[in-house]
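Visitor: Here it is, the structure, as structure tokens.
Residue numbers (our numbering): 3 to 348.
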């Protein structure tokens, strides 16, 4: 929001989408009034510099925001049940600081992306399932051709998956199971004492427990996200270090290239089920339980793909959570063959 626009924030019914529709309508009106006033001031100034906030830059900003807000308001009004208030944050003085509204079904928003040409080509190792691609993007499945490459040209011996079955991790068992998890992580790091790697957690509490409980030497190898360094600085520290550093994070399961010696082993602590305390995730699972399974497998295979980046690359993956067997059994049609074929049978 432009800081000079004084709009009274709601103080009740903050979880109700209707509250924020009304707020957005009022904000849009303020933006329109500001734009009109600024245009008049600029016209009277005869091309001379104007005083803040009535500048050409702020005028353009206000007009763009008003246009975007109008589209959002129209959509929220027409599809109110598709929108939720996914987060309400207060500052240290308990003043409303941030509110996040999100649509549940986003398939209706892809038209502007897909209408750029007569044919669109999606290429990814993690589409996983044609039906869910179509469902997510609003595509007509009868007009979509799905080409699945079952065989990976990355040799299986270069990317083994060891299911350690260390403990069954859930909200109920997490506290009692974490000592076993930390011990297993410590052992794996010692086994790979001269190699770089990555540990995928699903929360910062897991990260902190592991960091506190493993041996001092291995703890000194860890480089974590969520500290004073941003993501790019964390990765650069890992890349440039001559030591066998090990990344540990709940947020590096995608968009990270750990090719060759940047990672020769990776630990997936817990099956990455999406967080059900997130209102959107909870609602989506309620609407479609299979969507939740698909999303979990998507995160799992994305994490698996961080360390082996070419057919000549290699890394060993360890999955500690015993519930992986349950997921694979119930995710038929979602788990790619190139993943299951890499599982090392005990």
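Think of the CB as a built atom: it goes at the ideal place given N, C-alpha and C, for glycine as much as any other residue.
Considering only residues of the same chain and omitting the five flanking positions on each side of residue 361, which have a CB-CB separation below 8 Å?
Guide: No answer is possible for residue 361: the residues shown for the chain start at 3 and end at 348.
Visitor: Note down, one range per segment and in chain order, each beta strand (DSSP E) of at least 3 residues found wholly within the region 44 to 111.
Guide: The region 44 to 111 contains these whole beta strand (DSSP E) runs: 85 to 92 and 98 to 105.
Visitor: Can you tell me whether residue 111 is buried or exposed, with buried defined as 16 or more other CB within 10 angstroms of its CB?
Guide: Exposed, since its Cβ has fewer than 16 Cβ neighbours within 10 Å.
Visitor: Tell me the rounded alpha-carbon separation between residue 160 and residue 103.
Guide: One C-alpha to the other measures close to 44 Å.
Visitor: With residue 337 and residue 163 assumed to form a contact (beta carbons below 8 Å), what rounded beta-carbon distance in angstroms separates them?
Guide: Actually they do not touch by this definition, with Cβ atoms about 12 Å apart.
Visitor: If you draw a straight line from the alpha carbon of residue 251 to that of residue 35, how long is it in whole angstroms?
Guide: Residue 251 and residue 35: Cα-Cα distance of roughly 46 Å.
Visitor: Name the DSSP beta bridge partners of residue 226, please?
Guide: Paired residue(s): 250.
Visitor: Rounded to the nearest angstrom, what separates residue 134 and residue 41 at their Cα positions?
Guide: About 48 Å.
Visitor: What's the call for residue 92, buried or exposed, on a 16-neighbour Cβ count within 10 Å?
Guide: Exposed is the call here.
Visitor: Touching or not, the region 217 to 224 and the region 189 to 202, by the rule of three or more beta carbon pairs under 8 Å?
Guide: Short answer: they touch.
Visitor: Apply the 10 Å Cβ neighbour rule to residue 279 and answer buried if 16 or more other Cβ atoms are within range, or exposed otherwise.
Guide: Exposed: under 16 other Cβ atoms inside 10 Å.
Visitor: Assess, as a yes-or-no matter, whether the region 326 to 343 is touched by the region 193 to 208 under the definition of 3 or more beta carbon pairs within less than 8 Å.
Guide: The region 193 to 208, when compared against the region 326 to 343, does not touch it at the 8 Å Cβ threshold.
Visitor: Would a C-beta distance cut-off of 8 Å place residue 276 and residue 294 closer than the cut-off?
Guide: Yes, these two residues count as a Cβ contact at 8 Å.
Visitor: Which same chain residues, not among the five before or five after residue 143, have their C-beta less than 6 Å away from its C-beta?
Guide: Correct list, in chain order: 136.
Visitor: Tell me, please, which residues DSSP counts as bridged to residue 169.
Guide: 323, per the DSSP bridge assignment.
Visitor: With 16 as the cutoff for other CB atoms within 10 Å, does residue 126 come out buried or exposed?
Guide: Flag for residue 126 reads exposed.
Visitor: Closest to residue 171 by CA distance: which of 328, 6, 45 and 301 is it?
Guide: Closest by alpha carbon: 328.
Visitor: For residue 2, which three-state DSSP category applies?
Guide: Nothing about residue 2 can be reported from this structure: the residues present for the chain run from 3 to 348 only.
Visitor: Below 8 Å on the Cβ atoms is my contact criterion, and I expect residue 326 with residue 165 to pass it. Report the Cβ-Cβ distance as a whole number of Å.
Guide: Right, the Cβ-Cβ distance comes to about 6 Å (below 8 Å), so this counts as a contact.
Visitor: Return yes when the Cβ of residue 271 is within less than 8 Å of the Cβ of residue 208, no when it is not.
Guide: In contact: residue 208 and residue 271 (Cβ atoms closer than 8 Å).
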